[in-house]
Amino acid sequence: MKPAPFRYHAPRTIDDAVALLAETAGADGRILAGGQSLVPTMAFRLARPAHLIDINAIAALERLTVEDGKLCIGACVRHAAFHRPVVDGPLGRLLATVVAHIAHYPIRNRGTFCGSIAHADPASEWCALVTALDGEMVARSLRGTRVIPAHEFFQGMMSTALDDDELLIEVRLPILPVTTRFGFHEFSRRAGDFAVAMALATYVTEDGKIAGPRLAVGGAEANPRRVAEAEHLLAGCAPDEATFAAAADAAAAAVDPLDDPTNPAAFRRDLVRTVTRRALEQAA
Numbered sequence: 003m004k005p006a007p008f009r010y011h012a013p014r015t016i017d018d019a020v021a022l023l024a025e026t027a028g029a030d031g032r033i034l035a036g037g038q039s040l041v042p043t044m045a046f047r048l049a050r051p052a053h054l055i056d057i058n059a060i061a062a063l064e065r066l067t068v069e070d071g072k073l074c075i076g077a078c079v080r081h082a083a084f085h086r087p088v089v090d091g092p093l094g095r096l097l098a099t100v101v102a103h104i105a106h107y108p109i110r111n112r113g114t115f116c117g118s119i120a121h122a123d124p125a126s127e128w129c130a131l132v133t134a135l136d137g138e139m140v141a142r143s144l145r146g147t148r149v150i151p152a153h154e155f156f157q158g159m160m161s162t163a164l165d166d167d168e169l170l171i172e173v174r175l176p177i178l179p180v181t182t183r184f185g186f187h188e189f190s191r192r193a194g195d196f197a198v199a200m201a202l203a204t205y206v207t208e209d210g211k212i213a214g215p216r217l218a219v220g221g222a223e224a225n226p227r228r229v230a231e232a233e234h235l236l237a238g239c240a241p242d243e244a245t246f247a248a249a250a251d252a253a254a255a256a257v258d259p260l261d262d263p264t265n266p267a268a269f270r271r272d273l274v275r276t277v278t279r280r281a282l283e284q285a286a
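In the numbering used here, the protein residues as written are 3 to 286.
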């Protein structure tokens with residue numbers, strides 16, 4: 003099939019894009035960045051936006067820089083930018099580790115980090131990462147700019163706190179301490195397929211004990227989230243097999259897994275246990 007008719011816009015500035023979005027939001031105006039999710043749904047006419055606002059010509063949205071202790075990722079930064087560490091230390095290595103799990107190489111060359119966040123697919127690796135690190139989403143509209151923390155941003159399956167007239171212009175991630183350990187593990191049926199479940203863990207060790215643990219689970223529920231029950235069991239304990247097993251059991255018990263004929267809820271729950279344990283083992 004081919005997309006339904008639409009009007010194409012190519013703004014050159016953020017202000018122009020925001021103005022166009024405000025004008026066309028009532029007619030299902032959509033933002034085009036990488037297009038790896040939007041364009042296929044348009045081709046099948048599952049999405050029929052009357053207006054398409056292509057932001058790829060906006061140079062200000064290509065920025066990838068560190069400011070005030072945070073990595074700022076503009077709306078037009080591609081997944082492929084993270085194939086190699088973009089900053090020194092654990093954060094750069096973590097991003098390079100996670101990006102290798104995203105779809106396939108051609109998609110990573112075109113798709114964008116912020117596009118994945120705005121799309122909010124439950125199986126998105128970047129959404130799980132932003133959740134684990136308590137990232138911030140920067141949204142712009144004619145009303146001004148607001149910063150939305152990750153725990154408020156993701157509100158369900160492919161649902162976010164963005165209003166129809168708001169453009170996600172940037173995601174900010176905290177620069178991790180140099181002593182941070184991290185692990186990431188996901189399960190998918192084939193390499194490049196959507197993940198059925200994933201876990202991302204970070205922590206530091208103080209006197210041989212885990213401090214500041216963060217554990218986020220994605221893919222298994224309608225949206226990614228940190229699992230406080232597992233983090234509580236990790237804090238202050240030795241990073242050993244018994245601790246990791248207890249945290250994995252807690253994560254599996256805490257989730258409300260999605261259920262479908264291919265991946266029943268009980269199967270996803272068991273996967274959460276496995277990917278959590280393996281992510282923690284990687285971090286160790």
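Glycine is no exception: its CB is placed at the ideal position from the N, C-alpha and C atoms.
Query	Result
Is it right to say S161 is buried, meaning 16 or more other beta carbons lie within 10 angstroms of its own, or is it exposed?	exposed
Taking three-plus beta-carbon pairs below 8 Å as touching, is the stretch 91-99 in contact with the stretch 187-201?	no
Please classify Q38 as buried or exposed, where buried requires at least 16 other C-beta atoms within 10 Å of its C-beta.	buried
Where does the unbroken beta strand (DSSP E) through R183 begin, and where does it stop?	R183 to F189
Less than 8 Å between the C-beta atoms of D165 and P151, yes or no?	no
Less than 8 Å between the CB atoms is what I'm expecting for V219 and A201, so what's the real figure, rounded?	5 Å
Cβ atoms of I57 and P5: under 8 Å apart, would you say?	no
Rounded to the nearest angstrom, how far is the Cβ of S143 from that of A24, given a contact under 8 Å?	7 Å
From T264, K211, A199 and N225, pick the residue whose C-alpha is nearest to that of L235; which is it?	K211
Could you tell me if L48 is buried or exposed, where buried requires 16 or more neighbouring beta carbons within 10 angstroms of its beta carbon?	exposed
Please state whether DSSP places C116 in a helix, a strand or coil.	helix
May I ask you to report which of helix, strand or coil DSSP gives V219?	strand
What's the call for R9, buried or exposed, on a 16-neighbour Cβ count within 10 Å?	exposed
I think V198 touches N111, with their Cβ atoms under 8 Å apart; what is that distance to the nearest whole Å?	Actually they are not in contact, since the Cβ atoms of V198 and N111 sit about 25 Å apart, beyond 8 Å.
By the DSSP assignment, the beta strand (DSSP E) with G76 in it spans what residues?	K72 to G76
Could you tell me which residues DSSP puts in a beta bridge with L169?	R142
Within a Cβ cutoff of 7 Å, which residues of the same chain sit near V277, ignoring the five residues on either side of it in sequence?	H187, E188, F189, A199, M200 and A201
I'd like to confirm the pairing. Which residues does DSSP put opposite R110 in its beta bridges?	Paired residue(s): none; R110 is not in a bridge.
Give the DSSP bridge partners of A201, in chain order.	H187 and V219
Quick one, which of A105, G91 and E283 has its alpha-carbon nearest E127's?	A105
To the nearest angstrom, how far is the alpha carbon of P259 from that of V88?	34 Å
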